[in-house]
């Protein structure tokens, strides 16, 4: 049986720095989401809140919520956490919960980097870089499950790294760098696209526009596992990743080419106003 790899000697000091960084990130994130007038809800946030209100043990949900929640497709763990914490009906609590999970994910990114690479400086730098990613702060604005997922994923990776026998290598540093680079490019289009769609349609059309844009994505996500399974059976197992990347690039470029000349009404008014 393999014995756990001994922890680096400087790990306690690194933990203190990472803990301070994660607490600071959580506090700033909570303050950021509580500022007046900040738009914070996308379709996923609404779905999680609907489920949380249906699960809430301290407050009765409305009839509309009770009729709608069985049609939501998300796992129940995160909505249950929101419901038990009291955030289903007080969005400040829900935002604070997301901010706390963001801080936990910052901490676990640093812990995994420390164990994988063996450098306290790189661990702090990786956690700080992750905390400053624009994509992280776009997700902080919503009531979403990404940060609990990231925190748990890196906790599992850190546990694995703690118990494996191999010493840290340059490949570990490269893998961590690629992971951070991927995070810098992830989910940047979702809030922007949602905000743009809501801006170019009239207020009366916004509910219909949200439904029309959400349904095709849900249908596509139900078909993709079967296609990915077929591609994984090919000799080269990386075809699903290549196909996904190419489709994502084509999707973003297609949106840019199709809508680059269509501006929201407020931008058109601003462009016509005299300097």
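In my numbering, the protein residues as written are 101 to 375.
Cβ atoms here follow ideal geometry from the backbone N, Cα and C, with glycine treated the same way.
Everything numeric in this text was worked out from a predicted model, so none of it was measured.
- Fewer than three Cβ pairs drawn from the stretch 214-224 and the stretch 159-176 lie within less than 8 angstroms of each other, which leaves the two stretches out of contact.
- Taking all protein chains in view, the Cβ of residue 356 is surrounded by fewer than 16 other Cβ atoms within 10 Å, so the residue is classified as exposed.
- Per DSSP, reduced to three states, the secondary structure at residue 316 is helical.
- With a 10 Å radius around the Cβ and a threshold of 16 neighbouring Cβ atoms, residue 330 comes out exposed.
- Between the C-alpha atoms of residue 311 and residue 358 there is a straight-line separation of about 20 angstroms.
- Linking residue 339 to residue 325 through their CA atoms gives a straight-line distance of about 13 angstroms.
- Assignment of residue 209 by DSSP, reduced to helix, strand and coil, places it in the helix class.
- Here residue 178 has 148, 245, 248 as same chain residues with Cβ atoms under 7 angstroms from its own Cβ, once five neighbours each way along the sequence are excluded.
- Membership of residue 234 in the alpha helix (DSSP H) is indicated by the continuous run 234-240.
- By the Cβ-count criterion, residue 348 is exposed, with fewer than 16 other Cβ atoms from all chains shown falling within 10 Å of its own Cβ.
- Under a 10 Å Cβ-count criterion, residue 158 is classified as exposed, with fewer than 16 other Cβ atoms of the shown protein chains found around its own Cβ.
- Counting along the chain, residue 339 sits inside the alpha helix (DSSP H) bounded by residues 339-359.
- Taking the C-beta atoms as reference points, residue 250 is found nearer than 9 angstroms to residue 208.
- One alpha carbon belongs to residue 346, the other to residue 353, and they sit about 11 angstroms apart.
- In the structure shown, the three-state DSSP call for residue 329 is helix.
- Counting only residues of its own chain and dropping the five nearest sequence neighbours on each side, residue 197 has a CB closer than 6 angstroms to the CB of 185, 187.
- Here the C-alpha atom of residue 210 lies approximately 29 angstroms from the C-alpha atom of residue 183.
- By a beta-carbon distance limit of 8 angstroms, residue 204 contacts residue 122. Their separation comes to about 7 angstroms.
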